[in-house]
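Worksheet for the structure shown next.
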Ligand SMILES: [Zn+2]
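In this note's numbering, the protein residues as written are 64 to 169.
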């Protein structure tokens, strides 16, 4: 008789609690260091890096536990983020100081 549900796609089974630690075929980076899931996405915007910082640092958000990490190393990106902040603020500070100097020189 009706063994298969005609309304259900056999290629795309619905998410079940058992399929928690599944891998995303579209994601090619390292697995999450916190929960081990190979499924993460790139954020659109970060507070520390704006719209481009996460691209420079391969920064991704785990789709399993929402932790952020480096998709190349599979480790926390905190050290890189601090370094990024120092560099960005250093450049901004230098430019600001130069602009102030030129304004002062008139
Ligand atoms: Zn995770």
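Glycine included, every Cβ here is placed at the ideal spot set by N, Cα and C.
Reduced DSSP secondary structure (H/G/I, E/B, other) of residue 123
DSSP places residue 123 in strand when its eight states are reduced to three.
Determine the burial state of residue 145: buried for a count of at least 16 other Cβ atoms within 10 Å of its Cβ, exposed for fewer.
The residue in question, residue 145, is exposed, as its Cβ has fewer than 16 Cβ neighbours within 10 Å.
Mapping DSSP to helix, strand and coil, what is residue 132?
strand
With a Cβ-Cβ cutoff of 8 Å, do residue 134 and residue 99 count as a contact?
no
Please classify residue 162: does DSSP put it in a helix, a strand, or coil?
Note: residue 162 maps to helix in three-state DSSP.
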